[in-house]
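Colleague: Residue numbers (our numbering): 46 to 121. Below you'll find the structure I mean.
Given below as structure tokens:
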């Protein structure tokens, strides 16, 4: 999975999001999970992200709520 995350990270736009907490925080929250840093939701670019479109994801604010896989488990 780490190789997959590294591949999609090149297309990730998390660092451009108004909610992005810190330039040193890893991106690709939709695959990695929520940020360990405090998050103040100020907007969300997830719907416009090439990673989200490629993986056909539909949620928002992964940096706050967790990865798509984590969120699917919670819904079950």
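Glycine included, each C-beta is placed from N, C-alpha and C at the ideal position.
Can you give me the C-alpha to C-alpha distance between residue 115 and residue 108, rounded to a whole angstrom?
Modeller: Here residue 115 corresponds to residue number 70 of the chain shown, with the count starting at 1. Here residue 108 corresponds to residue number 63 of the chain shown, with the count starting at 1. Taking the straight line from one Cα to the other gives about 12 angstroms.
Colleague: Spatial neighbours of residue 69 within its chain, please: CB distance less than 8 angstroms, with the 5 preceding and 5 following residues excluded, ordered by chain position.
Modeller: As a first step, residue 69 is located in the chain shown; it is residue number 24 there, counting from the start. Excluding positions up to five away in sequence, the list is empty.
Colleague: Does DSSP put residue 96 in a helix, a strand or coil?
Modeller: Residue mapping note: residue 96 aligns to position 51 of the chain shown, counting from 1. It is helical.
Colleague: Only counting the same chain, and skipping five residues up and downstream in sequence, which positions put a Cβ closer than 8 angstroms to that of residue 104?
Modeller: Counting from one through the chain shown, the residue named residue 104 turns up at place 59. Closer than 8 angstroms at Cβ, skipping near neighbours: 75, 91, 110, 113 and 116.
Colleague: Using the three-state DSSP reduction, which class does residue 106 fall into: helix, strand or coil?
Modeller: Taking the first residue of the chain shown as position 1, residue 106 is located at position 61. Reduced to three states, the DSSP call for residue 106 is coil.
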